[in-house]
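Visitor: Numbering (the UniProt record's numbering), first residue to last: 1 to 142. All C-beta atoms, glycine included, are put in the ideal place defined by N, C-alpha and C. If you scroll down you'll find the structure; I have some questions about it.
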(Lines of atoms letter the chains of each structure in order from A and count residues from 1; the text may use other names and numbers.)
(Lines give C-alpha, C1' and ligand atoms only; values in the text may rest on other atoms or scores of the structure.)
Protein backbone atom coordinates (compact mmCIF):
# COMPACT_ATOMS: atom_id res chain seq x y z
CA UNK A 1 0.00 0.00 0.00
CA UNK A 2 1.25 3.49 -0.83
CA UNK A 3 1.26 6.69 1.20
CA UNK A 4 -1.99 7.57 -0.53
CA UNK A 5 -3.63 4.28 0.51
CA UNK A 6 -3.63 3.00 -3.07
CA UNK A 7 -3.04 -0.74 -3.56
CA UNK A 8 -1.83 -2.73 -6.56
CA UNK A 9 -4.41 -5.03 -8.15
CA UNK A 10 -3.29 -8.68 -8.45
CA UNK A 11 -4.03 -8.58 -12.18
CA UNK A 12 -1.36 -5.87 -12.51
CA UNK A 13 1.25 -8.20 -11.02
CA UNK A 14 0.13 -11.13 -13.16
CA UNK A 15 0.36 -9.04 -16.33
CA UNK A 16 3.83 -7.80 -15.36
CA UNK A 17 5.07 -11.34 -14.72
CA UNK A 18 3.62 -12.40 -18.08
CA UNK A 19 5.61 -9.61 -19.74
CA UNK A 20 8.79 -10.37 -17.82
CA UNK A 21 8.82 -14.17 -17.80
CA UNK A 22 6.69 -15.25 -20.75
CA UNK A 23 7.22 -12.24 -23.05
CA UNK A 24 3.43 -12.24 -23.48
CA UNK A 25 3.36 -8.47 -23.96
CA UNK A 26 5.62 -5.73 -25.27
CA UNK A 27 4.16 -3.20 -22.86
CA UNK A 28 1.56 -2.66 -20.17
CA UNK A 29 -0.12 0.61 -19.26
CA UNK A 30 -1.46 0.96 -15.72
CA UNK A 31 -3.92 3.48 -14.36
CA UNK A 32 -5.78 4.17 -11.16
CA UNK A 33 -9.31 2.80 -10.96
CA UNK A 34 -12.26 5.22 -10.92
CA UNK A 35 -12.23 5.52 -7.14
CA UNK A 36 -8.44 6.14 -7.10
CA UNK A 37 -7.91 3.27 -4.65
CA UNK A 38 -6.20 0.65 -6.82
CA UNK A 39 -3.64 0.45 -9.62
CA UNK A 40 -5.10 -1.62 -12.46
CA UNK A 41 -4.11 -2.69 -15.97
CA UNK A 42 -5.62 -0.33 -18.51
CA UNK A 43 -3.96 -1.87 -21.58
CA UNK A 44 -1.60 -4.65 -22.64
CA UNK A 45 -0.10 -4.80 -26.10
CA UNK A 46 2.14 -6.89 -28.31
CA UNK A 47 2.73 -4.00 -30.74
CA UNK A 48 6.41 -3.95 -31.64
CA UNK A 49 6.51 -0.27 -32.57
CA UNK A 50 7.63 2.13 -29.85
CA UNK A 51 5.40 4.73 -31.52
CA UNK A 52 2.38 2.54 -30.73
CA UNK A 53 3.37 2.65 -27.07
CA UNK A 54 3.72 6.44 -27.13
CA UNK A 55 0.34 6.70 -28.86
CA UNK A 56 -1.26 4.86 -25.95
CA UNK A 57 -0.05 7.42 -23.41
CA UNK A 58 -2.77 10.03 -22.90
CA UNK A 59 -1.83 13.63 -23.66
CA UNK A 60 -3.72 15.02 -20.67
CA UNK A 61 -3.62 12.43 -17.90
CA UNK A 62 -1.16 10.41 -15.87
CA UNK A 63 -0.28 6.73 -16.25
CA UNK A 64 2.31 4.18 -15.24
CA UNK A 65 3.75 1.79 -17.79
CA UNK A 66 6.31 -0.96 -18.25
CA UNK A 67 7.95 -1.58 -21.59
CA UNK A 68 10.20 -4.44 -22.71
CA UNK A 69 12.79 -2.19 -24.33
CA UNK A 70 15.03 -3.88 -26.91
CA UNK A 71 18.10 -2.24 -28.35
CA UNK A 72 21.37 -3.11 -30.07
CA UNK A 73 24.79 -2.61 -28.56
CA UNK A 74 27.97 -2.47 -30.59
CA UNK A 75 29.78 -5.00 -28.41
CA UNK A 76 27.16 -7.50 -27.23
CA UNK A 77 24.39 -7.35 -29.82
CA UNK A 78 20.70 -7.21 -28.97
CA UNK A 79 19.75 -6.43 -25.36
CA UNK A 80 16.44 -6.15 -23.57
CA UNK A 81 15.58 -4.26 -20.39
CA UNK A 82 12.28 -3.67 -18.64
CA UNK A 83 11.67 0.05 -18.25
CA UNK A 84 9.19 1.54 -15.77
CA UNK A 85 7.55 4.81 -16.82
CA UNK A 86 5.77 7.38 -14.72
CA UNK A 87 3.85 9.49 -17.23
CA UNK A 88 2.71 12.80 -15.75
CA UNK A 89 2.20 15.34 -18.54
CA UNK A 90 2.22 19.04 -17.71
CA UNK A 91 -1.37 19.24 -18.99
CA UNK A 92 -2.71 16.60 -16.55
CA UNK A 93 -4.97 17.78 -13.72
CA UNK A 94 -3.07 18.70 -10.54
CA UNK A 95 -5.06 16.21 -8.44
CA UNK A 96 -4.19 13.39 -10.85
CA UNK A 97 -0.49 14.29 -10.72
CA UNK A 98 -0.56 14.31 -6.92
CA UNK A 99 -2.29 10.93 -6.59
CA UNK A 100 -0.06 9.27 -9.19
CA UNK A 101 3.09 10.71 -7.58
CA UNK A 102 2.12 9.52 -4.10
CA UNK A 103 1.04 6.07 -5.34
CA UNK A 104 4.01 5.28 -7.60
CA UNK A 105 6.15 3.49 -5.02
CA UNK A 106 3.46 0.89 -4.29
CA UNK A 107 3.56 -0.27 -7.91
CA UNK A 108 7.29 0.23 -8.34
CA UNK A 109 8.11 -1.95 -5.31
CA UNK A 110 5.74 -4.68 -6.52
CA UNK A 111 7.43 -4.95 -9.92
CA UNK A 112 10.71 -6.76 -9.38
CA UNK A 113 13.00 -6.95 -12.38
CA UNK A 114 12.69 -3.38 -13.64
CA UNK A 115 16.10 -2.09 -14.68
CA UNK A 116 15.42 1.55 -15.49
CA UNK A 117 12.88 4.13 -14.39
CA UNK A 118 11.82 7.05 -16.58
CA UNK A 119 9.73 10.02 -15.49
CA UNK A 120 8.04 11.82 -18.37
CA UNK A 121 6.21 15.13 -18.36
CA UNK A 122 6.24 15.54 -22.14
CA UNK A 123 6.83 13.25 -25.10
CA UNK A 124 10.44 14.39 -25.63
CA UNK A 125 11.35 12.86 -22.25
CA UNK A 126 9.98 9.45 -23.26
CA UNK A 127 11.15 9.52 -26.89
CA UNK A 128 12.94 6.36 -28.04
CA UNK A 129 16.34 8.07 -28.25
CA UNK A 130 16.00 9.53 -24.74
CA UNK A 131 15.10 6.15 -23.28
CA UNK A 132 17.84 4.41 -25.28
CA UNK A 133 20.40 6.81 -23.85
CA UNK A 134 19.27 6.11 -20.27
CA UNK A 135 19.00 2.34 -20.73
CA UNK A 136 22.30 1.88 -22.55
CA UNK A 137 24.30 3.76 -19.94
CA UNK A 138 22.50 2.02 -17.07
CA UNK A 139 21.16 5.27 -15.60
CA UNK A 140 18.00 5.41 -13.58
CA UNK A 141 18.34 1.91 -12.25
CA UNK A 142 16.37 2.71 -9.12
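If we count Cβ pairs, one from each stretch, closer than 8 Å, do we get three or more for the stretch 93-102 versus the stretch 123-134?
Guide: no
Visitor: Is residue 27 closer than 9 Å to residue 56 when the C-beta atoms are compared?
Guide: At a Cβ-Cβ threshold of 9 Å, residue 56 and residue 27 count as neighbours.
Visitor: Flag this pair as yes or no: are the beta carbons of residue 70 and residue 63 separated by less than 9 Å?
Guide: no
Visitor: Between which residues of its own chain and residue 61 is the CB-CB distance below 7 Å, once the five residues before and five after are set aside?
Guide: 92, 96
Visitor: Taking the C-alpha atoms as reference points, what is the distance between residue 19 and residue 25?
Guide: 5 Å
Visitor: Distance, Cα to Cα, residue 83 vs residue 34?
Guide: Distance between the alpha carbons of residue 83 and residue 34: 26 Å.
Visitor: Could you tell me the boundaries of the alpha helix (DSSP H) in which residue 123 lies?
Guide: Looking at the DSSP string, residue 123 is not in any alpha helix (DSSP H), and its letter there is neither H nor E.
Visitor: Taking just the CA atoms, how far does residue 120 sit from residue 108?
Guide: 15 Å
Visitor: With distances taken Cα to Cα, identify the nearest neighbour of residue 136 among 76, 110, 111.
Guide: Measuring from the Cα of residue 136, the nearest candidate turns out to be 76.
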